[in-house]
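Undergrad: Counted from 1, the sequence shown has number 416 at position 416 by my numbering; the numbering is strictly sequential.
One structure is given below, represented as structure tokens, and several questions about it will come after.
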Amino acid sequence: MRVTLEKFIINGSRPLKGVVDISGAKNSAAAILPASLVLDGPCRIENVPDILDVTILKKIMTKLGAVVRNEGRNTLYIDPTGVNSCIASYRMVNRLRASYYLIGALLAKKGKAVVSYPGGCNFGFRPIDQHIKGFEAMGANVSIEQGLIKASTSELRGAQIYLDVVSVGATINLMIAATKARGVTVIENAAKEPHVVDVANFLNAMGADIRGAGTDVIKIRGVEKLPGGATHMVIPDMVEAGTFMIAAAATCGDVVVRNIIPKHMDSLTAKLIEMGVEIMENGDWIRVLGTRNLKRANIKTLPYPGFPTDLHPQIATLLCLARGTSTITESIWDLRFQYVDELKRMGANIKVEGRMAVIEGIPKFSGAPVKATDLRAGAALVIAGLAAEGTTEVIDISYIDRGYEDFEIKLRSLGADITRVEE
Ligand code: EPU
């Protein structure tokens, strides 16, 4: 698939104002689509975000033999009954970070999976030892040869699996594989992210027997068949919601972020309030009213319900505009700090010491040409551009397109001066 080189041009210093509707969660969709391959009948998935990662996944699933059809922009009809291949080659998956979910799905469906390790990831090498440990405990043979992860089994059986690290990917992958294993699988020290619960709800709606998702112990009783036949709606994207909340605060704006589950935003909401931002919430929305007197804060990223690593670069941008010295400690991804050098080009005063960024507040960013180094860093640079004096150009925005539906269109509807142009 060809991706044209595009950039955003942003004329900053305009407060965002209005109402924005949040799309379905990228990280839920990235798991639910591959998970649907396990089913023995068709299903319908609603609120699927129209983002690059989903486009790539649809192509991979079609190549594997599934029927994947759009019914409108955000609804997918998927019929996996024709899946006749268990091979996802490098060419197919090298642009997809979460290709590992294909292993759990194909192993459960076909007893075999040959899936390429995704190409060089922007966070460096992403270990999947916990996924492999779980598959092996369930009776699969797993080897890594020439960049391919090869897994096979004559029969998956239930197992007791204790995850050494809290991993969203391993929790979901093992849950998918266990849906059809013989007997009961117990995943301990499981991730509790809302999208783990969403994937479990999807699979249960299709006939699986999964209990405890959202706690750190998940029990899956394997079933012989997963008939499908149901419709599932993907949960709202808490990272997209958080990005807009932070953008509202950074531009001293007044934005209602709608179509969300406010509870999922608690760790961010608490920090924004601590920083002096006014927050109101009700039902399915949160209203953010910015302040010119942002207070400093210390933040540490943690698995859910802690502060999400996927909002680290965005909140760091806001901390730059707070009075005094703030810190942000990253505990999930070593390479999360790639945004720092780019923000410095816009006047930020940040020092990285090990896993901690020490941020001295500045009165304002100044517009500059910058580069999106990954998805969330890209979003953070857009936020900085919206708040900055002057014009900011953000290049390499295909990273942003991987995970944000209509990003600049939604921002424009809030009054931002942002345009997409071909480089
Ligand atoms: N880890 C291991 N071994 C494993 C798996 C993970 O050591 O087998 C470590 C990782 O190195 C990391 C930590 O455990 O330090 C957590 O990794 P996790 O498995 O939870 O991450 P992931 O499932 O690969 C998903 C999201 C990421 C998000 C993380 C953390 C998707 C497709 N990706 O990745 O999203 O940062 O969870 O919440 O769901 C993004 O959206 O920008 C993004 C990078």
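All C-beta atoms in this analysis are idealised placements derived from N, C-alpha and C, irrespective of residue type, glycine included.
Whether or not the segment 21-38 and the segment 222-238 are in contact is what I'm after, with contact meaning three or more pairs of Cβ atoms, one per stretch, closer than 8 Å; do they touch?
TA: At 8 Å Cβ cutoff, the stretches touch.
Undergrad: Here's the rule: buried if 16 or more other CB atoms are within 10 angstroms of the residue's CB, otherwise exposed. What is residue 143?
TA: By the 10 Å Cβ count, residue 143 comes out exposed.
Undergrad: In this structure, does DSSP put residue 292 in helix, strand or coil?
TA: Correct three-state label for residue 292: coil.
Undergrad: Counting Cβ pairs closer than 8 Å, one from the segment 4-23 and one from the segment 32-46, do we hit at least three?
TA: Result no; under three Cβ-Cβ pairs closer than 8 Å.
Undergrad: Assuming residue 54 contacts residue 61 under a Cβ cut-off of 8 Å, what Cβ separation, rounded to an integer in Å, is found between them?
TA: The pair is not a contact, with the Cβ atoms about 10 Å apart (cut-off 8 Å).
Undergrad: Could you spell out where the beta strand (DSSP E) holding residue 75 opens and where it closes?
TA: It is not in any beta strand (DSSP E) - residue 75 carries neither H nor E in the DSSP assignment.
Undergrad: How is residue 49 classed by DSSP in three states: helix, strand or coil?
TA: The answer is coil: DSSP assigns residue 49 none of H, G, I, E or B.
Undergrad: What's the gap between the Cα of residue 398 and the Cα of residue 247?
TA: Straight-line Cα distance between these residues: approximately 20 Å.
Undergrad: State yes or no: is the C-beta of residue 260 within less than 7 Å of the C-beta of residue 241?
TA: Yes, the Cβ-Cβ distance between residue 260 and residue 241 is below 7 Å.
Undergrad: Nearest-angstrom Cα distance between residue 120 and residue 129?
TA: Unreliable positioning characterises residue 120 in this predicted model, as indicated by a pLDDT of 44, which lies under 50. The coordinate reading is nonetheless provided below. When rounded, the distance between both Cα atoms is 17 Å.
Undergrad: What separation, rounded to the nearest whole angstrom, lies between the Cα atoms of residue 177 and residue 306?
TA: In a straight line, the C-alpha of residue 177 is about 27 Å away from that of residue 306.
Undergrad: Between 164, 76, 370, 88, which has its C-alpha nearest residue 216's C-alpha?
TA: Per the Cα distances, 164.
Undergrad: Are the Cβ atoms of residue 275 and residue 294 separated by less than 7 Å?
TA: Cβ atoms of residue 275 and residue 294: closer than 7 Å.
Undergrad: Shorter than 6 Å, the distance from the beta carbon of residue 376 to the closest heavy atom of ligand 1, or not?
TA: Because some heavy atom of ligand 1 lies under 6 Å away, the Cβ of residue 376 counts as near it: yes.
Undergrad: By DSSP, does residue 300 sit in helix, in strand, or in coil?
TA: Residue state, collapsed to three classes: strand.
Undergrad: Report all residues from its chain with a CB closer than 7 Å to the CB of residue 205; omit the five preceding and five following residues, and keep chain order.
TA: Cβ neighbours of residue 205 beyond the five flanking positions: 230, 232.
Undergrad: If you reduce the DSSP assignment to three classes, tell me which class residue 278 lands in.
TA: Three-state result, residue 278: strand.
Undergrad: From this set, 282, 171, 202, 288, which residue's C-alpha is nearest residue 268's C-alpha?
TA: Comparing Cα-Cα distances from residue 268 to each of 282, 171, 202, 288, the minimum goes to 288.
Undergrad: List the endpoints of the continuous alpha helix (DSSP H) containing residue 110.
TA: Run containing residue 110: 101-110, per the alpha helix (DSSP H) assignment.
Undergrad: Tell me where the beta strand (DSSP E) around residue 329 begins and ends.
TA: 325-329 is the span of the beta strand (DSSP E), which, as asked, contains residue 329.
Undergrad: Quick one: residues in its chain with C-beta nearer than 6 Å to the C-beta of residue 192, no 5 flanking neighbours on either side, listed in chain order?
TA: Excluding sequence neighbours, residue 192 sits near 214, 304.
Undergrad: Report yes if the C-beta distance between residue 94 and residue 65 is below 7 Å; otherwise report no.
TA: In this structure, residue 65 does not lie closer than 7 Å to residue 94 by Cβ.
Undergrad: Given 8 Å as the limit, is there contact between the segment 147-155 and the segment 104-118, that is, 3 or more CB pairs closer than that?
TA: Counting Cβ pairs under 8 Å, three or more are found: they touch.
Undergrad: Give the straight-line distance between the Cα atoms of residue 185 and residue 249, rounded to the nearest whole angstrom.
TA: Between residue 185 and residue 249, the C-alpha separation is close to 44 Å.
Undergrad: DSSP beta-bridge partners for residue 489?
TA: Nothing in the structure corresponds to residue 489, since the chain is present only between 1 and 423.
Undergrad: In terms of residues, what are the limits of the beta strand (DSSP E) holding residue 69?
TA: Unbroken beta strand (DSSP E) run through residue 69: 67-70.
Undergrad: Would you check whether ligand 1 has a heavy atom nearer than 6 Å to the C-beta of residue 237?
TA: No, since every heavy atom of ligand 1 falls outside the 6 Å radius drawn around the Cβ of residue 237.
Undergrad: Taking residue 22 as the reference, give the member of 391, 386, 239, 323 with the closest Cα.
TA: That would be 239, whose Cα lies nearest to the Cα of residue 22.
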